[in-house]
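In this note's numbering, the protein residues as written are 612 to 1144.
Input: a single structure, listed below in structure tokens.
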């Protein structure tokens, strides 16, 4: 019973409180209170313990009345929020109408400002990758023609120049070079002569990507009386207009801003410049740099997604689109191919022989070859290109396969055979004195036979043998039986010009060279009598 009363009390007090609050807050009429009081009296008089049922039967009208006013309460509470939401929507509409034109105006203004800062496709300012390269016949664009370019070695000590400064010249010759490029530097003397003889008609402008300090040090070492090239430095701008893979690289530009020719160093000479000045004739052959990373002469249209399982090509004659030299081709860490470009057949054979000797744990030198051909000039002086690529599974047989290919198609035949030969054997003659050979450490250095005073510091004894075998007065291969495994220090205080003088110096270190006969691996190269070339 107490439990029921508590429950009734909770319901009535809740509803009474609710109605009173509604009356105070919203001003409800007194009829509501009258209905509540009547309901309360009826429930208290009831003797039935089912008070909940009495409540429901006697209060239907009142409960419905209260429910209606709860809806009113919710509406009154939500009404300010709805008004605020409508106000916000209206405000956003106003902002939209005003803001969109403003944003468009700002965007147009910003794009106009940006166009003054962002380089055009051919401007070259902070947009080197967008520059359109120039080719023979093209006109130098205004952006390049009138652009200030920093230089050193200008005769009037100017810090910058423009190509347009030399519009009165018949020829502007751009020389792309580098401080490390020997063939570029060898050309300086001839370029100086051209500049002196045609000073009023020709200007030669160097272009290097080396930094300014390095270029200045380079010219300082050459001395004040040597040729000092008017040159740009530390910029890729010119190279972006005239891309190339090999240097020296020369661009011929006429007074009317036309690219007349793009050539290698062979086409730049006093005679070719004279011919151009007098007759406007440009060199017959232009320079087209090929991609040495790709197999030689392989079409650029070859589908790179298709693996190249094997490749071999041997050509006769020079091709200036490739450098002179050799390049290894790798698959991961394995050498699977090698190319030789614009090289004599003898150098190709020797490169292969050197690798094969290493596979035999031996060392090839120029004293290990027997050249037995009718005309040595043909094999020593001709220019050929050779590229050979094996599948990775045959990387271990690369050089033997290359040797077979050259033997089949070059007109010569090379092989490695053991041969009894006279040689100079390096021996220890005094074990006590030889102790001074032990290196004191420090930075490695090897200037043997390069100067009047030369030295070998903290280097293996094999480096001494390699340098010694290169001497003109050493006619025989050198064989080492000293057993020296440590690095050595050797100093020669005077220039060595004979075998006798060398023996005297070696004796100071407890060493000597003795002539003996030994069986040595020897590379024998002969004419291939089975081929007619």
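C-beta atoms are modelled at their ideal positions from N, C-alpha and C, and glycine is treated no differently.
As the structure is a computational prediction, the values presented were derived from the model and not from experiment.
Rounded Cβ spacing between residue i and residue j (contact assumed at less than 8 Å)
i            : j            : result
residue 921  : residue 1047 : That belief does not hold up - the Cβ atoms of residue 921 and residue 1047 are roughly 54 Å apart, past 8 Å.
residue 790  : residue 762  : Contact flag wrong, Cβ pair sits at about 15 Å.
residue 1134 : residue 1027 : 5 Å
residue 809  : residue 884  : 6 Å
residue 1064 : residue 1103 : 7 Å
residue 764  : residue 830  : 7 Å
residue 979  : residue 1088 : 6 Å
residue 1037 : residue 1127 : With a Cβ gap of about 11 Å, residue 1037 and residue 1127 do not count as contacting.
residue 945  : residue 1006 : 4 Å
Exposure label - residue i; buried when at least 16 CB within 10 Å
i            : result
residue 786  : buried
residue 672  : Unreliable placement is indicated for residue 672, whose pLDDT of 44 sits below 50; the coordinate value is still reported in the next sentence. Exposed, by the Cβ-count rule.
residue 983  : exposed
residue 721  : Reliability fails at residue 721, whose pLDDT of 45 lies under 50, so the model's placement of it is uncertain and the value that follows must be treated cautiously. Result: exposed.
residue 1151 : Residue 1151 cannot be examined here, being either before or after the span of the chain that is shown, 612 to 1144.
residue 961  : buried
residue 845  : exposed
residue 824  : exposed
residue 1061 : exposed
residue 1004 : exposed
residue 842  : buried
residue 890  : exposed
residue 912  : exposed
residue 928  : exposed
residue 818  : buried
residue 933  : buried
residue 561  : In the structure displayed, the chain extends from 612 to 1144; residue 561 sits before or after that span and is not available.
residue 1099 : buried
residue 642  : At residue 642 the pLDDT is 42, less than 50, meaning the model places this residue with poor confidence and gives no usable figure here.
Whether residue i touches residue j by CB criterion (8 Å)
i            : j            : result
residue 816  : residue 856  : no
residue 1023 : residue 925  : no
residue 853  : residue 759  : no
residue 858  : residue 792  : yes
residue 931  : residue 875  : yes
residue 847  : residue 820  : yes
residue 896  : residue 878  : yes
residue 757  : residue 775  : yes
residue 801  : residue 880  : yes
residue 1107 : residue 1009 : no
residue 893  : residue 863  : yes
residue 1091 : residue 1076 : yes
residue 767  : residue 888  : no
Candidates the options, of which the one nearest residue i by Cα
i            : options                : result
residue 839  : 1014, 797, 864, 812    : 797
residue 1067 : 1050, 1080, 1083, 1082 : 1050
residue 806  : 1106, 1118, 795, 782   : 782
residue 1080 : 1101, 1002, 1110, 1099 : 1110
residue 1097 : 1045, 780, 892, 942    : 1045
residue 935  : 882, 917, 992, 879     : 992
residue 861  : 1114, 915, 1117, 784   : 784
residue 1118 : 1101, 1086, 1132, 1108 : 1101
residue 601  : 1108, 923, 742, 1007   : Summary: the structure shown does not reach residue 601, with the chain confined to residues 612 through 1144, and so no result is reported for it.
residue 898  : 1115, 1090, 747        : 747
residue 773  : 803, 919, 814          : 814
residue 1074 : 1059, 1043, 1040, 959  : 1059
residue 1084 : 970, 1113, 822         : 1113
residue 986  : 1011, 957, 1013, 1039  : 957
residue 1012 : 1041, 1069, 795, 949   : 949
residue 988  : 803, 1138, 698         : 1138
residue 1002 : 970, 942, 981, 994     : 942
residue 939  : 1069, 1042, 906, 916   : 906
residue 1040 : 1095, 1086, 1025       : 1095
Cβ of residue i within 8 Å of any chain B Cβ
i           : result
residue 869 : Looking at the structure shown, chain B is missing, and only one protein chain is on hand.
Heavy atom of the ligand ZN within 7 Å of residue i beta-carbon
i           : result
residue 931 : Absent from the structure shown: the ligand ZN. Ligands present: none.
Handout entry: Inter-stretch contact (C-beta, 8 Å, three-pair minimum) for the region 1028-1042 and the region 956-973
Key = no
Problem - Segment contact, 8 Å Cβ cut-off, at least three pairs: the region 742-759 with the region 863-879 - result: yes
Practice task
For the region 938-955 and the region 1047-1066, state whether three or more C-beta atom pairs, one from each stretch, are separated by less than 8 Å.
Solution key: no
Handout entry: Inter-stretch contact (C-beta, 8 Å, three-pair minimum) for the region 970-986 and the region 889-909
Key = Contact fails: fewer than three Cβ-Cβ distances are below 8 Å.
Problem - Three CB pairs or more closer than 8 Å across the region 1123-1130 and the region 1006-1020 - result: no
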